[in-house]
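Notes follow the structure.
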Amino acid sequence: NAGVMQNPRHLVRRRGQEARLRCSPMKGHSHVYWYRQLPEEGLKFMVYLQKENIIDESGMPKERFSAEFPKEGPSILRIQQVVRGDSAAYFCASSPPQSHEQYFGPGTRLTVT
Amino acid sequence: KQEVTQIPAALSVPEGENLVLNCSFTDSAIYNLQWFRQDPGKGLTSLLLIQSSQREQTSGRLNASLDKSSGRSTLYIAASQPGDSATYLCAVSAGNQFYFGTGTSLTVIP
Chain A
157 NAGVMQNPRH
167 LVRRRGQEAR
177 LRCSPMKGHS
187 HVYWYRQLPE
197 EGLKFMVYLQ
207 KENIIDESGM
217 PKERFSAEFP
227 KEGPSILRIQ
237 QVVRGDSAAY
247 FCASSPPQSH
257 EQYFGPGTRL
267 TVT
Chain B
52 KQEVTQIPAA
62 LSVPEGENLV
72 LNCSFTDSAI
82 YNLQWFRQDP
92 GKGLTSLLLI
102 QSSQREQTSG
112 RLNASLDKSS
122 GRSTLYIAAS
132 QPGDSATYLC
142 AVSAGNQFYF
152 GTGTSLTVIP
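Chains as they are written, first to last, in our numbering: chain A, 157 to 269; chain B, 52 to 161.
Right, here's the structure in full:
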């Protein structure tokens with residue numbers, strides 16, 4: 157059973173470009189969470205999704221950020237018109253139904269130049 | 052709002068020492084508490100998960116305790132090794148998310 161997969165592992169974007177981060181949860185897991193880790197800071201919750209539904213997006217910036225978890229395929233975290241302050245490690249976690257234990261992926265390190 | 056604090060922020064010990072990492076949280080209404088290890092530039096590795104109804108969990112040289120009423124958890128590492136050097140993160144599960152502390156950076160000196 158493969159773990160949580162994230163790609164790309166490293167992503168470099170120029171200011172104003174779009175960044176798309178992908179997360180494939182563990183097999184059998186229907187819940188996906190996205191977290192952001194800024195340099196020298198702890199992980200901060202962004203959004204919690206189930207298949208085709210956003211359950212909690214209280215941690216998402218109001219503009220430029222969006223997330224989806226379609227019926228088929230990975231969950232996508234999309235950042236439009238990136239700025240230097242978006243440079244961070246973005247982690248995805250998944251959990252099975254009826255569980256609060258989260259399994260983390262290796263992260264995507266986004267660098268905005 | 053749940054806040055998680057980890058003390059100390061950094062710790063350096065000689066190889067072979069036993070050590071304790073501390074984690075405190077402000078709201079006792081949690082589902083569980085999980086300890087993770089993060090190596091530089093890497094993802095999170097789960098070490099121990101304690102359900103809210105449990106008091107402690109053990110895995111090898113690691114022992115984690117949970118006192119929900121006082122909002123505290125400790126991670127005990129026995130006979131530390133240089134390979135234990137990493138950042139240790141404590142996270143509590145409440146509502147729809149995990150709340151993370153900022154971690155304790157551990158260095159074990161050979």
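Heads up, the beta-carbon is just placed ideally off N, CA and C, and yes, glycines get one too.
The Cβ neighbour count for P164/A, taken over all protein chains shown within 10 Å, is under 16; the residue is labelled exposed. F151/B places its beta carbon less than 8 Å from that of L199/A.
In this structure G184/A is exposed. Its beta-carbon is surrounded by fewer than 16 other beta-carbon atoms within 10 angstroms. Contact note: G241/A does not reach chain B at a C-beta cutoff of 7 Å; the least C-beta distance is about 19 Å. F247/A and S222/A have their C-alpha atoms some 15 Å from each other. Where M161/A is concerned, the enclosing beta strand (DSSP E) starts and stops at 161–163. Beta-carbon to beta-carbon, V188/A and F260/A are separated by about 11 Å, too far to satisfy the 8 Å threshold.
S144/B places its beta carbon less than 8 Å from that of I81/B. Distances from the alpha-carbon of L126/B to those of V64/B, Q53/B, F87/B, S63/B put F87/B closest. A contact is defined here as three or more CB-CB pairs under 8 Å, and the region 229–244 of chain A fails this definition with respect to the region 105–120 of chain B. Between Q85/B and A130/B, the C-beta spacing is not below 8 Å. Residues of chain B with a Cβ closer than 7 Å to the Cβ of L199/A are, in chain order, F151. Interface residue (Cβ-Cβ distance to chain B less than 8 Å): F225/A is not classified as such.
Listed in chain order, the non-local C-beta contacts of S103/B below 7 Å within the same chain comprise I81, Y82, N83, K119, local neighbours out to five positions each way being set aside. By the C-beta density criterion, R192/A is buried, having at least 16 other C-beta atoms within 10 angstroms. Contact annotation: L266/A and A244/A have beta-carbon atoms nearer than 8 Å. For Y259/A, the residues of chain B that pass the 8 Å Cβ criterion are S97, in the order they occur in the chain.
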